[in-house]
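Protein chains: 2
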Amino acid sequence: MKMSNTQQRRVILEELRKLDTHPTADELYDLVRQRLPQISLGTVYRNLELLSATSQILKLQLTGTQKRFDGNTALHYHRRCPCCGRVSDLKGEEMAEVERVLNELLRKTGCRSYTLELCGVCPACRKQQSSSRENPENINNPKSHQENKNDGIERQ
Amino acid sequence: MKMSNTQQRRVILEELRKLDTHPTADELYDLVRQRLPQISLGTVYRNLELLSATSQILKLQLTGTQKRFDGNTALHYHRRCPCCGRVSDLKGEEMAEVERVLNELLRKTGCRSYTLELCGVCPACRKQQSSSRENPENINNPKSHQENKNDGIERQ
DNA sequence: CCAAAATTGATAATGATTATTAATTCTAAT
DNA sequence: ATTAGAATTAATAATCATTATCAATTTTGG
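Top to bottom, those sequences are chains H and E. Here numbering that gives the first Met the number 0 is used: the first residue of the first sequence is 0, the next is one more, and so on. Here numbering that gives the first Met the number 0 is used: the first residue of the second sequence is 0, the next is one more, and so on.
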């Protein structure tokens, strides 16, 4: 079963690689459909499965009911924001710190790998919060910087 | 909406607290049905939801397609075994190590919480592996110490 | 170009969970 | 204890995410 190079597969991979937002299958479907209006959701699922099975993308098992996909296969870590529900990548220093600390943990527990999801306010929400001191307990409106169909806060 | 004390809810909580196996809703349903044959799966789901919403139990978001529930609400950590698929708790020293290391991580990243699932061979499988040196690459048969309907290895 | 293999779109099926609803059970106040 | 009102139940339907099926189309390597 050699993997052939179809237009659909190419576009799915291209669109996913444009993003750093870890889309769900149906979010990616909406994007891909703008270029290939005839494509079906099943094709998107099928290709995401194949692409992750061949390590060209990552399939993420995060909290929430839907799987998410990541075009960035380099080692990195994810943080879900409790304000907007968005999943973002840890950057630079934070990233290195997680790696150091978790490798230490694997060594000490004798485990071989781990799945980690951090929960913390993302940079976008942090900015919004500090600029509205008069109402600090207000949760930021997810719609303001995320285009989810639901409330943006996925329940686990 | 005051929570009333029904037989169903009591039995569900009792049975869950007997276990340290982090059952799925349907696994718990099978157990509870031995005491209350008329109970419906919906009732089990409804009560697990209520009990976790009131912090009497934990709802776990681990890898795999089904949610799991935990009657032990004290802080502890979970490891899924790649051999048998079973989810077990980290004990004693390991436990303290994770807590220390992850608290440090939260402090350094400014995050507020995390979801962590470790992946490592569980004590039962470790014993089995070391006692069968002649075939070390063999994966232990999940059926041998897990009563799952599927193969016991949940795919993510 | 051609045959074999892989893939697609459409759609049905599945599995886990949540919602609906009429009937039953709890509760707390008499 | 009785009873009205609230909460819960069992049964079942509905939903949501994902996977499977399959005839038709596309891709591939010779």
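We treat Cβ as the ideally placed atom computed from N, Cα and C, and that holds for glycine. Treat the numbers as computed from the prediction; the structure is a model and nothing was measured.
- Under the Cβ criterion of 8 Å, H/LYS107 is counted among the residues facing chain E.
- The continuous stretches of beta strand (DSSP E) do not include E/ASP19, and DSSP gives it neither H nor E.
- Taken through DSSP and simplified to helix, strand or coil, E/LYS58 comes out as strand.
- In chain H, no part has a C-beta under 8 Å from the C-beta of E/GLU14; the shortest such distance is about 23 Å.
- By the rule that beta-carbons nearer than 8 Å mark a contact, E/CYS82 does not touch chain H.
- For H/THR5, there is no enclosing alpha helix (DSSP H), as DSSP marks it with neither H nor E.
- With fewer than 16 other Cβ atoms from the protein chains shown falling within 10 Å of its own Cβ, E/THR5 counts as exposed.
- When the Cα atoms are used, H/CYS124 and E/HIS21 turn out to be separated by approximately 35 Å.
- Here H/LEU27 is near H/GLU14, since their CB atoms are less than 8 Å apart.
- The shortest CA-to-CA distance from E/ARG106 to any of H/TYR113, H/LEU105, H/GLU103, H/CYS118 is the one to H/CYS118.
- Taking a Cβ-Cβ threshold of 7 Å, the residues of chain E close to H/CYS110 are ARG78, LEU117, CYS118, GLY119, in chain order.
- When the beta-carbon positions are compared, H/VAL97 and E/LEU40 stay at least 8 Å from each other.
- Beyond the five residues adjoining it in sequence on each side, H/THR23 comes within less than 8 Å, by CB distance, of GLN65, LYS66, ARG67, PHE68 in the same chain, given in chain order.
- Interface flag for H/LEU35 against chain E is unset, since no Cβ pair is found closer than 8 Å.
- For E/LEU49, the enclosing alpha helix (DSSP H) stretches over residues 40-52.
- For H/THR114, the three-state secondary structure derived from DSSP is strand.
- E/VAL10 and H/ASP29 have their C-alpha atoms spaced approximately 46 Å apart.
- As DSSP reads the structure, E/ASP88 sits in a beta bridge with E/HIS77.
- Measuring C-alpha to C-alpha distances from H/ARG78 to each of E/THR114, E/GLN37, E/GLN33, E/MET2 identifies E/THR114 as the nearest.
- Cβ neighbours of E/GLU116 within its own chain (closer than 7 Å, five residues either side excluded): LEU61, THR62, HIS77, ARG79.
- H/SER112 and E/LEU18 have their C-alpha atoms some 25 Å from each other.
- Under DSSP, H/ARG67 shares a beta bridge with H/THR23, H/LEU59.
- E/ARG8 and E/THR72 have their C-alpha atoms spaced approximately 17 Å apart.
- For the pair E/ASN46 and E/LEU74, the Cα-to-Cα distance works out to about 22 Å.
- Sorting H/PRO122, H/VAL43, H/LEU12 by C-alpha distance to the C-alpha of H/ARG85 places H/PRO122 at the top.
- H/GLN127 carries a helical assignment under DSSP once its states are collapsed to helix, strand and coil.
- Exposed is the label assigned to E/GLU92, since fewer than 16 other Cβ atoms lie within 10 Å of its Cβ.
- Nearest Cα to E/SER51 within the set E/CYS110, E/ARG34, E/GLY109, E/MET2: E/MET2.
- Measuring C-alpha to C-alpha distances from H/LEU89 to each of E/LEU89, E/PRO81, E/CYS110, E/ALA95 identifies E/CYS110 as the nearest.
- A straight-line Cα-Cα distance of about 22 Å links E/LEU101 and E/ILE56.
- Chain H places no beta carbon closer than 8 Å to that of E/LEU47, leaving this residue out of the contacts.
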